[in-house]
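Asks: For reference, the structure I am asking about is given below.
Numbering (my numbering), first residue to last: 711 to 855.
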């Protein structure tokens, strides 16, 4: 009886950079926040007494659907998929106008806007960092010759 030969192990993969892991964590955190906000709107639309239950329910479904984007991006970043940086960047960029709107509101919206702006800027910085870009195998416009 002959044994099937096993392929020789190649070079060990390099460890994932901390910045890439942090960027994935930021995207995952945003996904969780969107899911939580969507679930809250759904529950309040169904059980609460909003001015427009249909609008609250649709808003909840929309937030949950939007939460899938950063969740997939976070998974892709953890797996070092180059495609995942695009959705993660778009999520951070979309968060900035929301943060601005919260910052220009009254009351509890201001601290929420500060937190959201800080998270979005942190995510952007982590995603455009050369270490992250290199770990994802993304080259610059000149091909980084």
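No residue lacks a Cβ here, since even glycine has one placed at the ideal position from N, Cα and C.
Would residue 836 and residue 771 qualify as a contact pair, given that the criterion is a beta-carbon distance under 8 Å?
Replies: no
Asks: Please confirm whether residue 779 and residue 801 have their CB atoms less than 8 Å apart.
Replies: Cβ atoms of residue 779 and residue 801: closer than 8 Å.
Asks: With distances taken between CB atoms, is the gap from residue 734 to residue 784 smaller than 8 Å?
Replies: yes
Asks: As a quick exercise: from 723, 730, 725, pick the residue whose alpha carbon is nearest that of residue 834.
Replies: Proximity to residue 834 across 723, 730, 725 peaks at 730, based on C-alpha coordinates.
Asks: Once you ignore the five residues that flank residue 760 on each side, which residues in its own chain have a CB closer than 8 Å to its CB?
Replies: Same-chain partners within the cutoff: 754, 766.
Asks: Looking at the secondary structure, which residues open and close the alpha helix (DSSP H) in which residue 741 lies?
Replies: 728 to 757 is the extent of the alpha helix (DSSP H) around residue 741.
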